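Asker: Quick one: the structure is below, and I'll ask about it shortly.
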Amino acid sequence: MNQQSSVLYDVPGPRQRRITLISSIAATFVLIAGAYFLVYRPLEEKGQFSMDLWGPLVDPSNEYFSQVWDRIGYGFKNTLIAAALAILSSLVVGTLLAVLRIQLKHLGRRRFTGLAAPMSYLARGLTTVLSAITRICVEVFRGLPVVITIFFVARGFPEFGISFETLWYLVIGLTIYNSVVIAEILRSGMEGLPNGQAEAAAAIGLSPLQTTRLILLPQAFRIMLPALISQLVVVLKDTSLGFIISYEETLNIGKQIIGVLDNPIQVYIVIGLMFILVNYSLSKLAQYVQHRLSRGRKTAGTPAQNPPPATLTAQAEGTGGI
Amino acid sequence: MNVLIDKFDVFAGGFWLTLQICLLAAIGALILGAVVAVLRISPVPPLRAVGTGYVNIFRNLPLTVVMFFAAFGLPALGSNADFLRIPGLDLIFSRLGTDLPYFRFALIALVLYTAAFVCEALRSGVNAVPAGQAEAARSLGLTFGQNLRYVVLPQSWKASVVPLGSVIIAMIKNSALVGFFGVVGDLSQTADQLTSAEGHAFVPVAIGISIGYLIMTVPLGALLDHIEKRQAVAR
Numbered sequence: 006m007n008q009q010s011s012v013l014y015d016v017p018g019p020r021q022r023r024i025t026l027i028s029s030i031a032a033t034f035v036l037i038a039g040a041y042f043l044v045y046r047p048l049e050e051k052g053q054f055s056m057d058l059w060g061p062l063v064d065p066s067n068e069y070f071s072q073v074w075d076r077i078g079y080g081f082k083n084t085l086i087a088a089a090l091a092i093l094s095s096l097v098v099g100t101l102l103a104v105l106r107i108q109l110k111h112l113g114r115r116r117f118t119g120l121a122a123p124m125s126y127l128a129r130g131l132t133t134v135l136s137a138i139t140r141i142c143v144e145v146f147r148g149l150p151v152v153i154t155i156f157f158v159a160r161g162f163p164e165f166g167i168s169f170e171t172l173w174y175l176v177i178g179l180t181i182y183n184s185v186v187i188a189e190i191l192r193s194g195m196e197g198l199p200n201g202q203a204e205a206a207a208a209i210g211l212s213p214l215q216t217t218r219l220i221l222l223p224q225a226f227r228i229m230l231p232a233l234i235s236q237l238v239v240v241l242k243d244t245s246l247g248f249i250i251s252y253e254e255t256l257n258i259g260k261q262i263i264g265v266l267d268n269p270i271q272v273y274i275v276i277g278l279m280f281i282l283v284n285y286s287l288s289k290l291a292q293y294v295q296h297r298l299s300r301g302r303k304t305a306g307t308p309a310q311n312p313p314p315a316t317l318t319a320q321a322e323g324t325g326g327i
Numbered sequence: 003m004n005v006l007i008d009k010f011d012v013f014a015g016g017f018w019l020t021l022q023i024c025l026l027a028a029i030g031a032l033i034l035g036a037v038v039a040v041l042r043i044s045p046v047p048p049l050r051a052v053g054t055g056y057v058n059i060f061r062n063l064p065l066t067v068v069m070f071f072a073a074f075g076l077p078a079l080g081s082n083a084d085f086l087r088i089p090g091l092d093l094i095f096s097r098l099g100t101d102l103p104y105f106r107f108a109l110i111a112l113v114l115y116t117a118a119f120v121c122e123a124l125r126s127g128v129n130a131v132p133a134g135q136a137e138a139a140r141s142l143g144l145t146f147g148q149n150l151r152y153v154v155l156p157q158s159w160k161a162s163v164v165p166l167g168s169v170i171i172a173m174i175k176n177s178a179l180v181g182f183f184g185v186v187g188d189l190s191q192t193a194d195q196l197t198s199a200e201g202h203a204f205v206p207v208a209i210g211i212s213i214g215y216l217i218m219t220v221p222l223g224a225l226l227d228h229i230e231k232r233q234a235v236a237r
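Residue numbers (our numbering), protein chains in the order written: chain A, 6 to 327; chain B, 3 to 237.
Here it is, written out as structure tokens:
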């Protein structure tokens, strides 16, 4: 905040400080009054603060308390399982996809001179087709909503006679979307590296695959670590979409509880707080890692790498998914 | 593949409804996001706290929770979101005026959620302006308003247009969720309706729905890439 104010305002003098103090007090007053009349009063009038509605969630002596929290715990465990599986598989698939796209780009430059003419044309055609296919896949799955991907997976797989538990539909749906995003994050990280890295690797005789695996990928992971952690937040938020295919995650459990106790506002406040707590700590972790990385880079005296394009980081900062 | 041709009007209707909600939500989110951004960079600490709190809450909640709040919490409070029945506007966007409130609920949820990201995009733009620029403007004797208008905002606008665009793309994708919260006839609900209730073949419907979304997201993404490349060259 200090840095923020220093951009737009001068250091306040005594008069300015007085004005700020007075307007702070006025603003606090207006905000409290607004909160009272716009939030507290309507809630009070509808009896939303009654212990009948809050009791099962906050009062340990309530008859439903342990049952309700058992269910919420079960749902939260399911959410975490789905999120963990989804993030792991999207990391693996995303990395493979990024490496594949970089490799295809290298192959596209090769002329295959060692082979007979028809064979070399075939090889070149094949590379072009493959890289076009991966490109189209990336564009399509990045442009489709995750909800729709999950829905298509859950509706489409049984259509072709493949059926799993709902957990796997959710994981597959999330993986399709997030692996594509992660692949793009990693690819832009690799392409943002200074050219000298790949050139030096080629000069000491590494093959393109070795270059990617040993030189480019580790550095891309390092640069993109904050973006990748932010993607974790996205995945965790997106698991809440499991309710549309009736996977028993936190929100679905919440719906069941509401069906019995009829206290939607209270249940969603509690569930919302749980999500905020976990996601906020994850975002803070991402910020901390970014801070550490930028400090590390400065002390090492290495040239500053190209920053990742804003589209990707913005997408990775939690706007990409739901 | 017949369903694509036979039911073309259904797909087109779904596309139009999704486009409507996206347009309205984008306008709402840009306005609300700008207000929150002003709060976040204002010199008054309580207002700043409100802005920061808003962003932290809505950025960390899944949109699903916000939607549930809007769709189940508002009725529990006896609200039908009637303030959104804006005369004139509901002639173009007919769903705003209907008695079923779900379109309005979905709109509220989408606006509240997206505004947090819009605020962050705008703020990151202001942060990207080097401090020396505003300092130089102040030492030239420009007032606060002139400083913002001639020095800070033109530069911050450049830095925030790409993030803003990706926020809007994300919002278009997020709008697919409204079909599962009672809004009848948008693209995602159409997918559900055609495949489950009317029993059409899955693959053609999936293709039709996907095209509907890709028409909106892919060109916008390409445009952003273009702008970003041009800016990178200009710098």
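Don't be surprised by glycine CBs; every beta carbon is placed ideally from N, CA and C.
Everything numeric in this text was worked out from a predicted model, so none of it was measured.
1) Taking 8 angstroms as the cut-off, does the region 138–158 of chain A touch the region 172–188 of chain A (at least 3 CB pairs, one atom from each stretch)?
2) Name the residues in the region 38–62 of chain A whose C-beta lies less than 9 angstroms from a C-beta of chain B; which are they?
3) For the putative contact between V120 of chain B and G35 of chain B, defined by C-beta atoms under 8 angstroms, what is the C-beta separation to the nearest angstrom?
4) Are the C-beta of T20 of chain B and some C-beta of chain A separated by less than 7 angstroms?
5) Which term fits G167 of chain B, buried or exposed, when burial requires 16 or more other beta carbons within 10 angstroms of its beta carbon?
6) Who are the Cβ neighbours of F146 of chain A in its own chain at under 8 angstroms, not counting the five residues just before and after it?
7) Going along the chain, which residues of the region 141–161 of chain A sit with their C-beta nearer than 8 angstroms to a C-beta in chain B?
8) Give a yes or no on whether 7 angstroms exceeds the smallest Cβ distance from G75 of chain B to chain A.
9) What residues from the region 47–74 of chain B come within 8 angstroms of chain A, judged by C-beta to C-beta, listed N to C?
10) Taking one C-beta from the region 163–171 of chain A and one from the region 191–201 of chain A each time, how about it: are there three or more such pairs within less than 8 angstroms?
11) Would you call the CB atoms of V164 of chain B and L226 of chain B closer than 7 angstroms?
12) Just how far apart, CA to CA, sit L96 of chain A and L211 of chain A?
13) Is T133 of chain A helix, strand or coil when you go by DSSP?
14) Using the Cα positions of L25 of chain B and G247 of chain A, report the straight-line distance between them to the nearest angstrom.
15) Can you tell me whether V38 of chain B is buried or exposed? The criterion is at least 16 other CB atoms within 10 Å of its CB, across all chains shown.
16) Of all the residues that make up the region 135–155 of chain B, which are near chain A by a beta-carbon distance shorter than 9 angstroms?
17) Kindly list the residues whose CB is nearer than 7 angstroms to the CB of I217 of chain B, restricted to its own chain and excluding five residues on each side of it in sequence; keep chain order.
18) So, helix, strand or coil for V46 of chain B, using DSSP?
19) Quick one: what does DSSP say K260 of chain A is sitting in, helix, strand or coil?
20) If you draw a straight line from the alpha carbon of T116 of chain B to that of F117 of chain A, how long is it in whole angstroms?
21) Taking only beta-carbon positions, decide if S158 of chain B is within less than 7 angstroms of chain A.
22) Quick check: what's the CA-CA separation for V46 of chain B versus L266 of chain A?
23) Is any beta-carbon of chain A found at less than 7 angstroms from that of K9 of chain B?
24) Taking any Cβ of chain A, which residues in the region 195–220 of chain B have a Cβ under 7 angstroms from it, in chain order?
25) What residues of chain A sit near G80 of chain B, judged by a beta carbon separation below 7 angstroms?
26) Any beta-carbon of chain A closer than 7 angstroms to the one on L41 of chain B?
27) Indicate the three-state DSSP secondary structure (helix, strand or coil) for S251 of chain A in the structure shown.
28) Going by other Cβ atoms of all chains shown within 10 Å of its Cβ, with 16 needed for buried, is R300 of chain A buried or exposed?
29) Under 7 angstroms between the Cβ atoms of L237 of chain A and I92 of chain A?
30) From which residue to which residue does the alpha helix (DSSP H) around Y53 of chain A run?
31) Should N284 of chain A go down as buried or exposed, given a rule of 16 or more other Cβ atoms within 10 Å for buried?
32) Which class does G201 of chain B belong to by DSSP, given the choice of helix, strand or coil?
33) Relative to the C-alpha of I1 of chain B, which residue among B:G223, B:A130, B:S141 and B:G75 is closest?
34) Leaving aside the five residues before and after N176 of chain B along the sequence, list all residues of the same chain whose C-beta is less than 8 angstroms from its C-beta, in chain order.
35) With 7 angstroms as the threshold, decide whether the Cβ of L256 of chain A is near any Cβ in chain B.
36) Buried or exposed: V240 of chain A, going by 16 or more other Cβ atoms within 10 Å of its Cβ?
Answerer: In short:
1) Result yes; three or more Cβ-Cβ pairs closer than 8 angstroms.
2) For the region 38–62 of chain A, which is checked against every Cβ of chain B, the residues closer than 9 angstroms are P47, L48, E50, K51 and Q53.
3) Right, the Cβ-Cβ distance comes to about 3 angstroms (below 8 angstroms), so this counts as a contact.
4) Cβ-Cβ to chain A under 7 angstroms: no for T20 of chain B.
5) With 16 or more other Cβ atoms within 10 Å, it is buried.
6) For F146 of chain A, where only same-chain residues beyond five positions count, the Cβ hits under 8 angstroms are T154, I181, Y182 and V185.
7) For the region 141–161 of chain A, which is checked against every Cβ of chain B, the residues closer than 8 angstroms are E144, V145, R147, G148, L149, P150, V151, V152, I153, F156, F157, R160 and G161.
8) At least one chain A Cβ lies under 7 angstroms of G75 of chain B.
9) For the region 47–74 of chain B, the beta-carbon criterion of a distance under 8 angstroms to any beta-carbon of chain A is satisfied by P47, P48, L49, R50, V52, N58, I59, R61, N62, L63, P64, L65, T66, V67, F70, F71 and F74.
10) Taking a cut-off of 8 angstroms on C-beta distances, the region 163–171 of chain A does not touch the region 191–201 of chain A, as fewer than three cross pairs fall below it.
11) Yes, Cβ-Cβ distance for V164 of chain B and L226 of chain B is below 7 angstroms.
12) Using only the alpha carbons, I get a separation of about 25 angstroms.
13) In the structure shown, T133 of chain A falls within a helical segment according to DSSP collapsed to helix, strand and coil.
14) If I take the Cα positions, the gap works out to 27 angstroms.
15) Burial of V38 of chain B is indicated by the presence of at least 16 other C-beta atoms within 10 angstroms of its C-beta.
16) Of all residues in the region 135–155 of chain B, Q135, A136, E137, R140, F146, N149, L150 and V154 have a Cβ within less than 9 angstroms of some Cβ in chain A.
17) Nothing meets the Cβ criterion.
18) In this structure, V46 of chain B counts as coil in the three-state DSSP scheme.
19) The answer is helix: DSSP assigns K260 of chain A an H, G or I state.
20) Rounded to whole angstroms, T116 of chain B to F117 of chain A spans 50 angstroms at the Cα level.
21) False, the Cβ-Cβ gap to chain A never drops below 7 angstroms.
22) One C-alpha to the other measures close to 42 angstroms.
23) K9 of chain B does not count as touching chain A.
24) Listed by position, the residues of the region 195–220 of chain B near chain A (Cβ gap below 7 angstroms) are T197, F204, A208, I211, S212, Y215, L216, T219 and V220.
25) Chain A residues near G80 of chain B: K51.
26) False, the Cβ-Cβ gap to chain A never drops below 7 angstroms.
27) Note: S251 of chain A maps to coil in three-state DSSP.
28) Exposed, since its Cβ has fewer than 16 Cβ neighbours within 10 Å.
29) In this structure, I92 of chain A lies closer than 7 angstroms to L237 of chain A by Cβ.
30) It is Gln, not Tyr, that sits at residue 53 of chain A in the sequence shown. Counting along the chain, Q53 of chain A falls outside any alpha helix (DSSP H), and DSSP gives it neither H nor E.
31) Residue environment analysis places N284 of chain A among the buried positions, since at least 16 neighbouring C-beta atoms fall within 10 angstroms of its C-beta.
32) Looking at G201 of chain B - three-state DSSP - the assignment turns out to be coil, as it is neither helix nor strand.
33) Limits of chain B in this structure are 3 at one end and 237 at the other, which puts residue 1 of chain B out of reach.
34) Cβ neighbours of N176 of chain B beyond the five flanking positions: L65, L112, Y115 and T116.
35) Taking Cβ atoms only, chain B reaches closer than 7 angstroms to L256 of chain A, which makes this a yes.
36) Looking at its Cβ environment, which holds 16 or more other Cβ atoms inside 10 Å, V240 of chain A is buried.
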